[in-house]
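Student: First the structure, then my questions, so here it is.
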């Protein structure tokens, strides 16, 4: 039986037992270095959910304070919250120490990988340490997955960094789960990752938020690349949608054009894109729509990167609301995607996908 089948069976068995016993109602364990001594003692010894069955439970680590999502997972699922110490020496080298017992355990890391250059070394060191300490398998849940921009060699001498980054993670982890990766020239992550990959989509929670908060919405894609996310949200919410045209003149300089639609000013446009980074595309789209006569605009992004002063520039625009998913922690987070991950694990979507990709272990 493949290891992920066993993992899913353990999750379902313990989840059902804990739910029937009432353990899950008040259980709350936090990850990180700021835990109270009694909570840390619980992690090292008895389980809050079921004292005698820690050996059956996967162990969840969050290295970079993915607090909201990791707490949701430990609240909802029969997992032990792991304890790890990360320290940076004065010369910026990393020190890694895993304080929880992980021998013969399934280990899961949940962390968004925004600002990847600050995180990747410690993440790889953690994975290597976990394997040397006897972890059975190590999975990575990265709600935001970076390094997909450079998906081909555009000019002679360029590095295809998306492929190199994928090779690093594939060598260190046994499977990867993410939400709405920025796929353009790749049809799937499987083209560059050598491990099973599982892609979740924020379209359903995004459509639900729009339906509950926006009157007479029309979904706007600021460029052709955004059409896959725009069309998905529009379909799930039964909203009309429109795709604009973008011409990029530089990293921060874009021009937006689009068709003329009679009565367009009576709609509330919701501009949707997977990533808000420099916000140049969003800003130009807002300008275009306001010139077209709309009174207010909502900008919705899946991943709130907001480089440099991008957020203040976008937030400073008149009659403009900014909403993002919590794949990356930000003040604009209004759409919770943690249940997508819970659902994928509890309902065995992960296992069914793995069955197709890796078959049964001999």
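In the working numbering, the protein residues as written are 521 to 882. Don't be surprised by glycine CBs; every beta carbon is placed ideally from N, CA and C.
(1) Could you check the C-alpha separation between residue 718 and residue 697 for me, to the nearest Å?
(2) Around the C-beta of residue 625, are 16 or more other C-beta atoms found within 10 angstroms, so that it is buried, or is it exposed?
(3) So, for residue 863: in the same chain, excluding its five sequence neighbours on each side, which residues have a beta-carbon less than 6 Å away from its beta-carbon?
(4) Please give me, in chain order, every unbroken run of the alpha helix (DSSP H) with length at least 4 that falls completely inside the segment 575-651.
(5) Quick one: grab the DSSP three-state call for residue 788.
(6) Would you give the residue range spanned by the alpha helix (DSSP H) that residue 841 belongs to?
(7) Distance check for residue 655 and residue 748, CA to CA, integer angstroms please.
(8) Rounded to whole angstroms, what is the Cα-Cα separation between residue 785 and residue 842?
(9) Could you tell me which residues DSSP pairs with residue 820 in its beta bridges?
(10) With which residues is residue 660 paired in a DSSP beta bridge?
(11) Classify residue 762 as helix, strand or coil using the three-state DSSP reduction.
(12) Expressed to the nearest angstrom, what Euclidean distance is found between the alpha-carbon atoms of residue 616 and residue 609?
(13) So, for residue 825: in the same chain, excluding its five sequence neighbours on each side, which residues have a beta-carbon less than 7 Å away from its beta-carbon?
(14) For residue 756, which beta-bridge partners are listed by DSSP?
(15) CB-CB under 6 Å to residue 760, same chain, minus the five flanking residues each way: which ones, in chain order?
(16) Taking its Cβ as the centre, do 16 or more other Cβ atoms sit within 10 Å of residue 657, making it buried, or is it exposed?
(17) Measure the alpha-carbon distance for residue 746 versus residue 839 and round it to whole angstroms.
(18) May I ask you to report which of helix, strand or coil DSSP gives residue 825?
(19) First and last residue of the beta strand (DSSP E) that includes residue 741?
(20) Along the alpha helix (DSSP H) that carries residue 517, what are the first and last residues, could you check?
(21) How long is the line joining the alpha carbons of residue 650 and residue 578, rounded to whole angstroms?
(22) Which word fits residue 541, buried or exposed, when buried means at least 16 other C-beta atoms lie within 10 angstroms of its C-beta?
(23) To the nearest angstrom, report how far apart residue 750 and residue 700 are at their CA atoms.
(24) Residue range of the beta strand (DSSP E) that residue 775 falls in?
(25) Pick out whichever of 672, 640, 676 has its Cα sitting closest to the Cα of residue 665.
(26) Which residue marks the beginning of the beta strand (DSSP E) containing residue 854, and which one marks its end?
(27) Can you tell me whether DSSP reads residue 685 as helix, strand or coil?
(28) Contact between the segment 806-822 and the segment 778-792: three or more CB pairs below 8 Å?
(29) Please return the same chain residues whose Cβ sits closer than 8 Å to the Cβ of residue 674, not counting the five positions on each side in sequence.
(30) Tell me the residue span of the beta strand (DSSP E) that contains residue 720.
(31) If you measure between the beta carbons of residue 473 and residue 722, is that distance less than 7 Å?
(32) Name the DSSP bridge partner or partners of residue 767?
(33) Identify the continuous alpha helix (DSSP H) that holds residue 655 and give its terminal residues.
(34) Have a look at 620, 702, 736, 598 and flag the residue whose alpha-carbon is nearest the alpha-carbon of residue 604.
(35) If you follow the alpha helix (DSSP H) that residue 859 is in, where does it begin and where does it stop?
(36) Would you mind giving the Cβ-Cβ distance between residue 627 and residue 589, rounded to the nearest angstrom? I have them listed as a contact below 8 Å.
Tutor: According to the structure data:
(1) Using only the alpha carbons, I get a separation of about 5 Å.
(2) Classification for residue 625: buried.
(3) Around residue 863: no qualifying Cβ.
(4) As far as the segment 575-651 is concerned, its whole alpha helix (DSSP H) runs of at least 4 residues are 587-596.
(5) Here DSSP, grouped into helix, strand and coil, assigns residue 788 to strand.
(6) First-last for residue 841: 840-845, but that is the beta strand (DSSP E), not the alpha helix (DSSP H).
(7) Each residue's alpha carbon lies about 38 Å from the other.
(8) About 19 Å.
(9) Note: residue 820 is bridge-paired with 792, 843 in the DSSP secondary-structure output.
(10) DSSP output for residue 660 lists 629, 696 as bridge partner(s).
(11) In the structure shown, residue 762 sits in a strand (DSSP, three-state: E or B).
(12) Using only the alpha carbons, I get a separation of about 11 Å.
(13) Around residue 825: 634, 795, 796, 797, 848.
(14) Residue 756 is not bridged to any residue.
(15) Around residue 760: 738.
(16) By the 10 Å Cβ count, residue 657 comes out buried.
(17) Answer to the nearest angstrom: the Cα atoms are 23 Å apart.
(18) The DSSP-derived three-state label of residue 825 is coil.
(19) That run of the beta strand (DSSP E) goes 737-741.
(20) Past the edges of the chain, shown from 521 to 882, lies residue 517, and the structure says nothing about it.
(21) Their backbone Cα atoms lie some 13 Å apart in a straight line.
(22) Because residue 541 carries a pLDDT of 40, less than 50, the predicted location of this residue cannot be relied on, and no value is offered for it.
(23) C-alpha separation (whole angstroms): 12 Å.
(24) Where residue 775 is concerned, the enclosing beta strand (DSSP E) stretches over 774-777.
(25) Proximity to residue 665 across 672, 640, 676 peaks at 640, based on C-alpha coordinates.
(26) Taken as a continuous stretch (DSSP letters only), the beta strand (DSSP E) holding residue 854 covers 853-855.
(27) Residue state for residue 685 is assigned as helix, using DSSP reduced to three classes.
(28) The answer is yes - the segment 778-792 touches the segment 806-822, with three or more Cβ pairs under 8 Å.
(29) Around residue 674, the same chain offers no residue with a beta carbon nearer than 8 Å, after the five sequence neighbours per side are excluded.
(30) Residue 720 -> beta strand (DSSP E) spans 717-720.
(31) Since the first and last residues shown for the chain are 521 and 882, residue 473 lies out of range.
(32) Looking at the DSSP output, residue 767 sits in a beta bridge with 775.
(33) Taken as a continuous stretch (DSSP letters only), residue 655 belongs to no alpha helix (DSSP H), as it is neither H nor E.
(34) Of the candidates 620, 702, 736, 598, the residue whose Cα lies closest to the Cα of residue 604 is 620.
(35) Where residue 859 is concerned, the enclosing alpha helix (DSSP H) stretches over 858-866.
(36) Between residue 627 and residue 589 the beta-carbon gap is near 17 Å, outside 8 Å, which marks them as no contact.
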